[in-house]
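Residue numbers (my numbering), protein chains in the order written: chain A, 706 to 927; chain B, 26 to 127.
By construction, the Cβ of each residue, glycine as well, lies at the ideal position given by its N, Cα and C atoms.
What you are looking at is a predicted structure, and each value in this text was computed from that prediction instead of being measured.
For reference, the structure discussed in these notes is given below.
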């Protein structure tokens, strides 16, 4: 249900961003990872060059490598099958597969979820893109708010700790602050630097807190 | 043409990272620092993208009906509304504010 709605929202957003129905459907068929697709059409609509736009989408897709790592152990697929299974390595299939008790049910869960979501995502993308063309001015219907709302809904459950909130806050400041001065698409990539920076700052803070907790050992070391 | 290039590059890149996860031996990506960075990267990107797509028109910052719509979505998220309602709230409130302010 949620995937169906996102697919529809993606189709509408993509068509509203100036992509043709064919380009919109090609994205859902070939990329098949929602956040990256939204990011790409958003960057293209903002006038970004194709490579900076693709880079933002790519970095959002990097999390799928870590899903693949978990799934690889659970699914234990023959090497020849892996290139075919790879396209379905996404948030939802990983969540379903990880919840299964046996290898057999992991494989069934992954395949059924992957296949049904792939079909649903592509059908609703097509409907959304056709719908957007039929409506014409998608902004009048508030449909340009669907993309950022999907991002916000994906982001919200990730904001559990102070560190995560700090990263989000810093990324917002960088993303908006650099917008007027850097070429389109680049500010998002610069905002991604909030993640390594926050990790580095957190590491330093911890080291200092440890040193403060154990003044004797810290002195001995220095 | 530029759009097709962007689609092709994204498709190849996103497929490659999916496949890499399935192919490489466990352990390479299991280092704690890599894991933490991988978890924080989407946080930074999604936050920046949400802000930009809400407050940016091209390269100019704006405050318009979309900001009100996203505020509605945020309230829906705080109330633990399902995904469907969150997106619907953003779309309907944005459309409503635009209709009223014309």
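*asked:* Measuring straight from C-alpha to C-alpha, what distance separates residue 61 of chain B and residue 909 of chain A?
replied: Here residue 61 of chain B refers to the residue found at position 36 when the second chain is read from its first residue. Here residue 909 of chain A refers to the residue found at position 204 when the first chain is read from its first residue. In a straight line, the C-alpha of residue 61 of chain B is about 15 Å away from that of residue 909 of chain A.
*For a contact meaning CB atoms closer than 8 Å, what does residue 928 of chain A contact in chain B?*
This structure cannot settle anything about residue 928 of chain A, because the visible part of chain A is limited to 706 through 927.
*Using a Cβ cut-off of 9 Å, pull out every chain A residue sitting near residue 96 of chain B, in sequence order please.*
For this step, residue 96 of chain B is matched to residue 71 along the second chain. Under the 9 Å cutoff, chain A gives no residues; its nearest Cβ is about 10 Å from residue 96 of chain B.
_Please report the distance separating the alpha-carbon of residue 889 of chain A from that of residue 751 of chain A._
For the purposes of this step, residue 889 of chain A is taken as the residue at position 184 of the first chain. For the purposes of this step, residue 751 of chain A is taken as the residue at position 46 of the first chain. Approximately 6 Å between the Cα atoms of the pair.
*Spatial neighbours of residue 744 of chain A in its chain, beta-carbon cut-off 7 Å, leaving aside the 5 residues before and after*: Within the first chain, the letter at position 39 stands for residue 744 of chain A. 761, 762, 765.
*Closest residue to residue 854 of chain A among B/76, B/30, B/63, B/67 (Cα-Cα distance)*: By one-based count along the first chain, residue 854 of chain A stands at place 149. Considering only B/76, B/30, B/63, B/67, the residue with the shortest C-alpha distance to residue 854 of chain A is B/76.
*Could you tell me the boundaries of the alpha helix (DSSP H) in which residue 89 of chain B lies?*
For the purposes of this step, residue 89 of chain B is taken as residue 64 along the second chain, with counting starting at 1. Counting along the chain, residue 89 of chain B falls outside any alpha helix (DSSP H), and DSSP gives it neither H nor E.
*Using 8 Å as the limit for Cβ to Cβ distance, is residue 88 of chain B near chain A?*
In the second chain, residue 88 of chain B corresponds to position 63, counting from 1. Taking 8 Å as the CB threshold, residue 88 of chain B stays off the interface with chain A.
*Status (buried if at least 16 other CB within 10 Å, exposed otherwise) for residue 918 of chain A*: Stepping through the first chain from its first residue, residue 918 of chain A is reached at position 213. Classification for residue 918 of chain A: exposed.
*Please list the residues of the region 53-72 of chain B that have a C-beta atom closer than 9 Å to any C-beta atom in chain A, keeping them in chain order.*
Within the region 53-72 of chain B, the residues whose Cβ lies closer than 9 Å to some Cβ of chain A are 53, 54, 55, 58, 59, 60, 61, 62, 63, 64, 65, 66, 67, 68, 69, 70, 71, 72, listed in chain order.
*Do the CB positions of residue 111 of chain B and residue 102 of chain B come within less than 8 Å of each other?*
The count along the second chain starts at 1 and reaches residue 111 of chain B at position 86. The count along the second chain starts at 1 and reaches residue 102 of chain B at position 77. Against a cut-off of 8 Å, the Cβ pair of residue 102 of chain B and residue 111 of chain B comes out as a contact.
*Pull up the CB-CB distance for residue 808 of chain A and residue 781 of chain A, whole angstroms please, since I reckon it's below 8 Å.*
Indexing the first chain from 1 puts residue 808 of chain A at position 103. Indexing the first chain from 1 puts residue 781 of chain A at position 76. Between residue 808 of chain A and residue 781 of chain A the beta-carbon gap is near 7 Å, inside 8 Å, which marks them as a contact.
*asked:* Please tell me whether residue 34 of chain B has its Cβ less than 8 Å away from any Cβ of chain A.
replied: In the second chain, residue 34 of chain B corresponds to position 9, counting from 1. Yes, its Cβ sits closer than 8 Å to a Cβ of chain A.
*List the residues of chain A whose Cβ lies closer than 8 Å to the Cβ of residue 102 of chain B, in chain order.*
Taking the first residue of the second chain as 1, we reach residue 102 of chain B at position 77. In chain order: 857, 858, 861.
_Neighbourhood of residue 748 of chain A by C-beta distance below 6 Å, restricted to the same chain and skipping five residues each side_ = To locate residue 748 of chain A, count along the first chain from 1; it is residue 43. Counting only Cβ-Cβ distances below 6 Å, and skipping sequence neighbours, we find 758, 761, 890.
*Pick out the complete alpha helix (DSSP H) segments inside the region 823-864 of chain A, 4 residues or longer, and give them in chain order.*
Counting only runs of 4 or more, we get 851-860.
*Where in the region 67-117 of chain B do unbroken runs of the alpha helix (DSSP H), each at least 4 residues long, occur, reported from the N-terminal end onward?*
Fully enclosed alpha helix (DSSP H) runs of no fewer than 4 residues occupy 90-103 of the region 67-117 of chain B, in order along the chain.
*In chain order, what residues of the region 72-84 of chain B put their CB closer than 8 Å to some CB of chain A?*
With the criterion set as a beta carbon lying under 8 Å from some beta carbon of chain A, the members of the region 72-84 of chain B are 72, 73, 74, 75, 76, 77, 78, 79, 80, 81, 83, 84, in sequence order.
_Under DSSP, the alpha helix (DSSP H) around residue 719 of chain A begins and ends at which residues?_
Within the first chain, the letter at position 14 stands for residue 719 of chain A. 707-721 is the extent of the alpha helix (DSSP H) around residue 719 of chain A.
*For residue 119 of chain B, go through chain A and note every residue whose CB falls closer than 7 Å to its CB, in chain order.*
Numbered from its first residue, the second chain carries residue 119 of chain B at position 94. At a C-beta separation below 7 Å, residue 119 of chain B has these neighbours in chain A: 847, 850.
*So, is residue 821 of chain A buried or exposed, given that buried needs 16 or more other C-beta atoms within 10 angstroms?*
Taking the first chain and counting its residues from 1, the one referred to as residue 821 of chain A is at position 116. Its Cβ having fewer than 16 others within 10 Å, residue 821 of chain A is exposed.
*Taking only beta-carbon atoms, is residue 853 of chain A less than 8 Å away from chain D?*
As a matter of chain content, chain D is missing from the structure shown, whose protein chains are A and B.
*asked:* Can you pull out the residues from the region 779-804 of chain A whose beta carbon lies closer than 9 Å to at least one beta carbon of chain B?
replied: Of all residues in the region 779-804 of chain A, those with a C-beta nearer than 9 Å to a C-beta of chain B are 780, 782, 784, 787, 788, 790, 791, 792, 793, 794, 795, reading in chain order.
*Go through its chain and collect everything with a Cβ distance to residue 68 of chain B's Cβ below 7 Å, but skip five positions before and after it.*
As a position in the second chain, residue 68 of chain B is number 43, starting the count at 1. Closer than 7 Å at the Cβ level, and outside the excluded window around residue 68 of chain B, lies no residue.
*Starting from residue 919 of chain A, follow the alpha helix (DSSP H) in both directions and report where the run begins and ends.*
Your numbering for residue 919 of chain A matches position 214 in the first chain. In the DSSP assignment, residue 919 of chain A falls outside any alpha helix (DSSP H) and carries neither an H nor an E.
_Rounded to whole angstroms, what is the Cα-Cα separation between residue 34 of chain B and residue 756 of chain A?_
Counted from its first residue, the second chain places residue 34 of chain B at position 9. Counted from its first residue, the first chain places residue 756 of chain A at position 51. One C-alpha to the other measures close to 7 Å.
*asked:* If I follow the unbroken alpha helix (DSSP H) through residue 672 of chain A, where does it start and stop?
replied: For residue 672 of chain A there is no data in the structure shown, the boundaries of chain A being 706 and 927.
*Comparing alpha-carbon positions, which option in A/714, A/732, A/718, A/725 lies nearest residue 37 of chain B?*
The residue given as residue 37 of chain B occupies position 12 in the second chain. If we check each option's Cα against that of residue 37 of chain B, A/732 comes out closest.
*Under a three-way DSSP split, which group does residue 926 of chain A fall into?*
Here residue 926 of chain A refers to the residue found at position 221 when the first chain is read from its first residue. Per-residue confidence for residue 926 of chain A stands at a pLDDT of 47, beneath the threshold of 50, marking its modelled position as unreliable; no derived number is given.
_Proximity of residue 795 of chain A and residue 827 of chain A at Cβ, strictly below 8 Å_ = Your numbering for residue 795 of chain A matches position 90 in the first chain. Your numbering for residue 827 of chain A matches position 122 in the first chain. A distance of 8 Å or more separates the beta carbons of residue 795 of chain A and residue 827 of chain A.
*For residue 121 of chain B, the nearest candidate out of B/93, B/99, B/109 (CA to CA)*: Residue 121 of chain B sits at position 96 when you count from the first residue of the second chain. Nearest of B/93, B/99, B/109 to residue 121 of chain B, Cα basis: B/93.
*Using the beta-carbon count (16 or more within 10 Å), is residue 123 of chain B buried or exposed?*
Reading the second chain from its first residue, position 98 is the one you call residue 123 of chain B. Looking at its Cβ environment, which holds 16 or more other Cβ atoms inside 10 Å, residue 123 of chain B is buried.
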